[in-house]
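Novice: Using this note's numbering, you'd call the opening residue of the sequence shown number 7 and step up by one each time. Just so it is clear, CB atoms sit at the ideal spot from N, CA and C, and this is done for glycine as well. Note that this is a predicted model, so its numbers are computed, not measured.
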Amino acid sequence: MKIGVTFPQSDLELNAADTRIWAEAVEDLGFDHILFYDHVLGADRSTRPGWSGFHDMDDRFHEVMVLMGYLAAVTSRVELVTGVVALPQRQTALVAKQAAEVDHLSGGRLRLGVGIGANDVEYQALGKVFENRGRRIEEQIELLRQLWTMPVVDFDGQWEQVVSAGINPLPIQQPIPLWIGSSHDRTIERVARLADGWLPETRVLTEARRQIPLLHSHLADHGRDHASFGLQGRLSLKDGDKDYWGEALSTWSELGATHFSVSTIWFGVETLSEHIGLLEDVVEEFGAAMAGTP
């Protein structure tokens, strides 16, 4: 199981130099990947009584494609992972182009996690329809893979049209690994049918134990082997003590996770050095697993 970390965008006001220091520390400590959360806009709750969105204008999010382009230049080994981009609120061809560029700049280190998102405010501002996003993402995924592997594409879908055109340069990875992030049971069939891997939203171990058999069942229905399908477990360090950290790691390993990300966000530390110190604690706890030994 490959162990990575979540970029602490909401805790640290990182300038370019500190972002580089943090990323270099991640590589030096032996982590496999960096996972990035993504939002374009944050809503003002004071003007929306009853609005139930999770993230709002007070939550900091760097633009994920630009950030990965920068980190592609200041890292040499870690995989760069979006977890996730709300694909239906974005232009598909532009996402294909941006992802291909990040893949080039990083030497083929991009894993693109996509999802439908839940922030209607962003959809409205970006000029996209919120209500049909689940159906549209399936067409977008098909088009992304064509744009990443074919120099010229002709695509005539219900929502997407490309007429004898393509991106240049194509990405190094053809296609770029495309994972789907989701939380609801009803979306797991789509994950099994279309994705290279799954980024479950849940961090609750009992919920993970319940949902993974659903994934395996849907994979079997589509003739796919769960042993070769990607699965990303998650741990937020704030959710428990070091005993819980170990329980989370072992549970996700037992469930067949191929990747596992650790988040220091909202743990209560405030400085760059404190966040790096937490990652050092993780290495101390998970060192054997990171080294690939029992």
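Look at the alpha carbon of I182 and the alpha carbon of L153, and state the distance between them as a whole number of angstroms.
Specialist: As a first step, residue 182 must be located in the sequence shown, where it is residue number 176. As a first step, residue 153 must be located in the sequence shown, where it is residue number 147. Rounded to the nearest angstrom, the two C-alpha atoms are 10 Å apart.
Novice: Let me confirm a value: K134 is counted as buried when at least 16 other C-beta atoms fall within 10 Å, else exposed. Which label applies?
Specialist: Sequence index remark: in the sequence shown, residue 134 carries index 128 (1-based). It is buried - the Cβ of K134 has at least 16 other Cβ atoms within 10 Å.
Novice: Using 8 Å as the cut-off, can you tell me whether the stretch 47-59 makes contact with the stretch 98-107, which would need three or more C-beta pairs spanning the two stretches below that distance?
Specialist: Too few Cβ pairs lie closer than 8 Å, so no.
Novice: Helix, strand or coil for Q217, going by three-state DSSP, please let me know.
Specialist: Stepping through the sequence shown from its first residue, residue 217 is reached at position 211. Correct three-state label for Q217: helix.
Novice: Identify which residue in E137, G172 and Q164 has its Cα closest to the Cα of R151.
Specialist: What you label residue 151 is simply residue 145 of the sequence shown in a count that begins at 1. Comparing Cα-Cα distances from R151 to each of E137, G172 and Q164, the minimum goes to G172.
Novice: Quick test of the definition: if touching needs 3 or more C-beta pairs under 8 Å, does the stretch 282-290 touch the stretch 64-72?
Specialist: Segments in contact, no.
Novice: Do G75 and L111 have their C-beta atoms closer together than 8 Å?
Specialist: The sequence position of residue 75 within the sequence shown is 69, counting from 1. The sequence position of residue 111 within the sequence shown is 105, counting from 1. Against a cut-off of 8 Å, the Cβ pair of L111 and G75 comes out as a contact.
Novice: Let me check understanding here. Comparing Cα to Cα, which of S16, I9, V11 and G10 lies closest to T277?
Specialist: Here the question's residue 277 lines up with position 271 in the sequence shown. Comparing Cα-Cα distances from T277 to each of S16, I9, V11 and G10, the minimum goes to S16.
Novice: When you compare the CB positions of D38 and I9, do they come within less than 8 Å of one another, or not?
Specialist: For the purposes of this step, residue 38 is taken as residue 32 along the sequence shown, with counting starting at 1. For the purposes of this step, residue 9 is taken as residue 3 along the sequence shown, with counting starting at 1. Cβ atoms of D38 and I9: closer than 8 Å.
Novice: State buried or exposed for Q303, treating a residue as buried only when at least 16 other CB atoms are found within 10 Å of its CB.
Specialist: With the chain covering 7 to 300 only, the question about residue 303 has no answer from this structure.
Novice: Tell me, which residues are paired with S112 by DSSP?
Specialist: Within the sequence shown, numbered from 1, the residue matching residue 112 stands at position 106. According to DSSP, S112 bridges with nothing at all.
Novice: Tell me the DSSP bridge mates of L237?
Specialist: Your numbering for residue 237 matches position 231 in the sequence shown. The partner list for L237 (beta bridge, DSSP) reads W204.
Novice: Mind checking who A304 pairs with in its DSSP beta bridge?
Specialist: Since the first residue shown for the chain is 7 and the last is 300, residue 304 is missing from the structure and cannot be characterised.
Novice: If I follow the unbroken beta strand (DSSP E) through T264, where does it start and stop?
Specialist: For this step, residue 264 is matched to residue 258 along the sequence shown. No beta strand (DSSP E) contains T264, which DSSP labels as neither H nor E.
Novice: Compare the C-alpha of G121 against each of E145, G114 and G113 and name the closest.
Specialist: One-based indexing of the sequence shown puts residue 121 at position 115. Of the candidates E145, G114 and G113, the one whose C-alpha sits nearest the C-alpha of G121 is E145.
Novice: Taking only three categories from DSSP, how would you classify T277?
Specialist: Along the sequence shown, one-based indexing puts residue 277 at 271. Coil.
Novice: Using only the alpha-carbon positions, how far apart do N174 and L118 sit?
Specialist: The residue given as residue 174 occupies position 168 in the sequence shown. The residue given as residue 118 occupies position 112 in the sequence shown. Distance between the alpha carbons of N174 and L118 is about 19 Å.
Novice: Any idea what DSSP makes of L184, helix, strand or coil?
Specialist: Working through the sequence shown from its first residue, we reach residue 184 at position 178. If DSSP states are grouped into helix, strand and coil, L184 belongs with the strands.
Novice: Does the Cβ-Cβ distance between L241 and F273 come in under 8 Å?
Specialist: Taking the first residue of the sequence shown as 1, we reach residue 241 at position 235. Taking the first residue of the sequence shown as 1, we reach residue 273 at position 267. Cβ atoms of L241 and F273: not closer than 8 Å.
Novice: Applying the criterion that 16 or more other CB atoms from any shown protein chain within 10 Å of the CB defines a buried residue, is L221 buried or exposed?
Specialist: One-based indexing of the sequence shown puts residue 221 at position 215. With 16 or more other Cβ atoms within 10 Å, it is buried.
Novice: Please state the DSSP three-state secondary structure of R141.
Specialist: Residue mapping note: residue 141 aligns to position 135 of the sequence shown, counting from 1. Helix, per DSSP.
Novice: Excluding the 5 residues flanking E214 on each side, which residues of the same chain have their C-beta closer than 8 Å to its C-beta?
Specialist: The count along the sequence shown starts at 1 and reaches residue 214 at position 208. The sequence shown places Ala at residue 214, rather than the Glu named in the question. Cβ neighbours of A214 beyond the five flanking positions: P206, T208, G239, T257, W258 and L261.
Novice: Distance check for I271 and Q179, CA to CA, integer angstroms please.
Specialist: The residue you call residue 179 lines up with position 173 of the sequence shown. The residue you call residue 271 lines up with position 265 of the sequence shown. Each residue's alpha carbon lies about 31 Å from the other.
Novice: Cα separation between A201 and R192?
Specialist: Along the sequence shown, read from residue 1 onward, the residue named residue 201 stands at position 195. Along the sequence shown, read from residue 1 onward, the residue named residue 192 stands at position 186. Approximately 15 Å, taken between the alpha carbons.
Novice: Short of 6 Å in beta carbon distance, which residues of its chain neighbour P157, apart from the five on each side in sequence? Order them along the chain.
Specialist: Working through the sequence shown from its first residue, we reach residue 157 at position 151. Excluding positions up to five away in sequence, the list reads G172.
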